[in-house]
Structures are given as structure tokens and as C-alpha cells.
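Asks: Dropping a structure here in C-alpha cells format, bear with me for questions.
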Amino acid sequence: MTAPILRQLAYLHAKTDAWTRAGAVIGVVPTMGALHQGHLSLVEAAKADCDRVIVTIFVNPKQFNNPEDLAKYPRTEADDAVKLEPYGVDAIYVPEPDQIYPAGFATNVSVAGLTDVMEGEFRPGHFDGVATVVAKLFLQTRANRAYFGEKDYQQLMVVRRMARDLDIPTEVIGCPTVREASGLAMSSRNLRLSPEGLEVAAHLNAAMRSVAEALGRGEAFDDVAKHACAELLETGFSEIEYLDLRSAASLKPLGRASEPARLFAAALVEGIRLIDNIEVPAA
Ligand code: AMP
Numbered sequence: 335m336t337a338p339i340l341r342q343l344a345y346l347h348a349k350t351d352a353w354t355r356a357g358a359v360i361g362v363v364p365t366m367g368a369l370h371q372g373h374l375s376l377v378e379a380a381k382a383d384c385d386r387v388i389v390t391i392f393v394n395p396k397q398f399n400n401p402e403d404l405a406k407y408p409r410t411e412a413d414d415a416v417k418l419e420p421y422g423v424d425a426i427y428v429p430e431p432d433q434i435y436p437a438g439f440a441t442n443v444s445v446a447g448l449t450d451v452m453e454g455e456f457r458p459g460h461f462d463g464v465a466t467v468v469a470k471l472f473l474q475t476r477a478n479r480a481y482f483g484e485k486d487y488q489q490l491m492v493v494r495r496m497a498r499d500l501d502i503p504t505e506v507i508g509c510p511t512v513r514e515a516s517g518l519a520m521s522s523r524n525l526r527l528s529p530e531g532l533e534v535a536a537h538l539n540a541a542m543r544s545v546a547e548a549l550g551r552g553e554a555f556d557d558v559a560k561h562a563c564a565e566l567l568e569t570g571f572s573e574i575e576y577l578d579l580r581s582a583a584s585l586k587p588l589g590r591a592s593e594p595a596r597l598f599a600a601a602l603v604e605g606i607r608l609i610d611n612i613e614v615p616a617a
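The numbers in the working numbering rise by one with no breaks, and the one at position 277 of the sequence shown is 611.
See the structure below:
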């Protein structure tokens with residue numbers, strides 16, 4: 335079934351008003367397009383839980399702190415619609431920019447605390463852009479449930495906090511990271527890597543898994559992290575922005591996996607910035 339592509343909020347509301355009147359549970363999967371199996375796993379989860387599913391595709395300029403990254407972000411709308419066909423979603427919302435940011439738009443949604451570290455530190459303004467657009471998409475779609483990937487674990491936490499704080503009645507649901515056979519977390523940005531770059535990229539998750547194993551044996555994080563970063567640089571990464579062990583609940587830094595923890599990383603290969611995170615079992 336081909337889902338209608340809606341570009342205007344009024345058309346989206348015509349659908350969601352009718353669905354809400356009929357008592358349907360509405361699920362939304364917010365994306366920036368260039369859909370891959372990671373996005374499609376969220377669509378599958380939404381389809382299993384909800385009566386109506388909306389996929390949104392919007393490359394949100396407000397969340398890009400690097401103009402080149404925005405300009406080069408893959409845009410593949412026609413392919414995306416084809417990929418969604420087997421899932422039978424009810425609408426694909428691809429808002430015109432003025433449907434999200436009309437002339438005179440002056441509001442910013444900013445979540446404190448959780449955004450001070452990692453992506454917030456290395457991408458100034460990024461989470462304000464995310465929180466603002468996601469707040470708008472939740473309200474515009476009137477979704478009861480929204481599906482986000484653990485691939486962007488910090489984003490998932492920020493979005494959940496934002497919805498709770500603003501009393502937006504959309505339940506935020508996290509779904510596991512989908513990976514290539516190599517362990518590389520699927521990402522639209524992987525499309526920009528050469529075959530050699532993809533091989534290098536796969537080392538990131540492998541290195542993270544060895545760090546997690548060492549932590550499981552009771553080793554101290556600082557020692558294993560130093561070693562892992564040196565190895566990644568040798569493998570072909572040009573920069574490791576961070577490799578952090580943090581509480582899964584609060585994101586506070588940890589020296590050991592003394593409570594439910596996650597290992598987070600951001601690293602650059604061929605000028606492409608990759609992020610990943612994995613669960614670390616308590617030692
Ligand atoms: P994006 O299009 O990159 O903004 O991602 C849209 C949604 O898909 C976000 O909730 C991401 O966390 C999620 N996502 C992206 N990559 C993956 C992946 N490999 N596995 C699971 N979810 C993902």
C-alpha cells in the first residue's frame with residue numbers, strides 16, 4: 335500500500351482529527367529520511383503497537399551545527415517512500431520548511447543538564463534543534479506514542495525529558511540499535527563512506543565491545559579507554575571526540591560499571607562523524 339505523502343499541516347490534521355475521533359492510537363516515527371533498516375525497525379515497532387502510524391521525514395536545519403553536514407545530508411524521498419511500502423504506514427509527513435518554522439518563528443525548546451555532555455558538548459545547539467522540532471512534531475501529529483532508536487541514546491533521553499516537562503502526552507519508546515553484520519551501527523551518514531571507510535568504521539563497535547568486556551572483568555575505565563582510543567586512531571579514525579562510560583539513567587560519568595551503564599563514542603573517519611553506544615553489564 336502506498337501511503338499518502340503530506341506536505342502541509344492542514345492535510346496532516348485532516349487525517350489525525352479523523353483518527354483521534356475514531357479512538358485510534360497514533361504512533362509517530364520521526365526521521366530525517368535516507369531510511370535504512372534502523373528506521374524501518376522503528377516503523378515495525380510502531381505498526382505492532384499502534385492503530386495508525388505516521389513516519390515523518392524532515393531534515394531539520396536547526397539541529398545541524400555544521401553547514402556542510404546539512405548540505406551533504408542524503409535526501410532520498412522517493413526511495414524512502416518505496417522502502418516504506420511493505421509496512422503499510424498510514425501517512426508520510428514531509429513538511430515544507432514553513433510548516434515547521436513559519437515566518438517569525440521565535441521559540442526554542444531547550445533541555446538543561448542532559449545536554450551538557452557528549453553530543454551537547456561537541457555539537458553546540460544541536461539538542462535545542464532536536465527538542466524544538468520533536469516538540470513540534472509530537473504536537474502536530476498528535477501522536478500517542480513516538481519511537482526513537484537507542485542508537486541516539488542521549489537524544490532519546492532528551493526527548494523523553496522534554497515531553498514529560500512540557501506535559502506533551504506522547505509516550506517516548508526506545509528501540510534497540512540495528513547494526514550491519516560488521517557491528518557498525520546503521521546510519522544515514524554511512525552512505526558517505528568509501529568501502530575502505532566502512533571497514534575502518536566497523537572497528538568502532540568492535541573496540542567498544544572489547545572495552546565493555548574489560549569493564550566486565552573489573553578493569554578501570556580510564557586504562558582501557560586510553561588503549562582503545564590509541565588503537566582506533568591507528569586503525570584509521572582521524573579523531574575520537576569522546577569515549578565515555580556513563581550511567582544509563584543519568585549520564586553521569588563513571589569510573590567503573592558500578593551501576594547500569596553505557597559506553598558512548600563519537601569518532602571521525604573520512605570526515606564523517608559516527609556515534610555509537612552500547613550497554614555495559616554491571617561488573
Ligand atoms: P535520523 O533519521 O538519523 O534522525 O534517525 C531517526 C530515528 O531513527 C532516530 O530515533 C534514530 O535514533 C533512529 N535510528 C537511526 N539509526 C538507527 C539504528 N541503526 N538503529 C535503530 N534506530 C536508529
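All C-beta atoms, glycine included, are put in the ideal place defined by N, C-alpha and C.
So, with DSSP's three-state summary, where would you put S544?
Replies: Helix at S544.
Asks: Tell me which same chain residues have a C-beta within less than 8 Å of the C-beta of I507, skipping the five on either side of it?
Replies: Cβ neighbours of I507 beyond the five flanking positions: A379, D383, R479, A480, Y481, F482.
Asks: Report yes or no: do three or more beta-carbon pairs, one from the segment 501-520 and one from the segment 530-542, lie closer than 8 Å?
Replies: Yes, since at least three Cβ pairs between the segment 501-520 and the segment 530-542 fall closer than 8 Å, the two stretches touch.
Asks: Look at the alpha carbon of L521 and the alpha carbon of D432, and state the distance between them as a whole number of angstroms.
Replies: As written in the sequence, residue 521 is Ser, which differs from the Leu given in the question. For S521 and D432, the distance between alpha carbons rounds to 27 Å.
Asks: Less than 8 Å between the CB atoms is what I'm expecting for A372 and T511, so what's the real figure, rounded?
Replies: Note on residue identity: the sequence assigns Gly, not Ala, to residue 372. Confirmed, about 7 Å.
Asks: Between the alpha carbons of T466 and V443, how many angstroms are there, rounded?
Replies: Spanning the two alpha carbons is a distance of roughly 5 Å.
Asks: Identify, in the order they occur along the chain, each residue of the same chain with its Cβ nearer than 7 Å to the Cβ of V451, setting aside the five sequence neighbours on each side.
Replies: Around V451: L585.
Asks: Taking a contact to mean a Cβ-Cβ separation below 8 Å, would you say A595 touches L602 in this structure?
Replies: Result no, Cβ atoms of A595 and L602 do not sit closer than 8 Å.
Asks: Which partner residues of I574 appear in the DSSP bridge assignment?
Replies: Per DSSP, A601.
Asks: Between T390 and the rest of its own chain, which residues show a CB-CB distance below 6 Å, the 5 nearest in sequence each way excluded?
Replies: Correct list, in chain order: P364, Y427, L471.
Asks: Quick one: does the C-beta of S572 sit closer than 7 Å to a heavy atom of the ligand GDP?
Replies: The ligand content of the structure shown is limited to the ligand AMP, which means the ligand GDP is not among them.
Asks: Just reading off the alpha helix (DSSP H) that I434 is part of, what are its end residues?
Replies: From DSSP, the alpha helix (DSSP H) with I434 extends over 431-434.
Asks: Do you know how far the Cα of R409 is from the Cα of K349?
Replies: Roughly 25 Å separates the two Cα atoms.
Asks: Could you pull the start and end residues of the alpha helix (DSSP H) that A469 belongs to?
Replies: Here the alpha helix (DSSP H) through A469 covers 460-475.
Asks: Can you give me the C-alpha to C-alpha distance between G447 and S581, rounded to a whole angstrom?
Replies: One C-alpha to the other measures close to 14 Å.
Asks: Secondary structure at V614, three-state DSSP: helix, strand or coil?
Replies: In this structure, V614 counts as strand in the three-state DSSP scheme.
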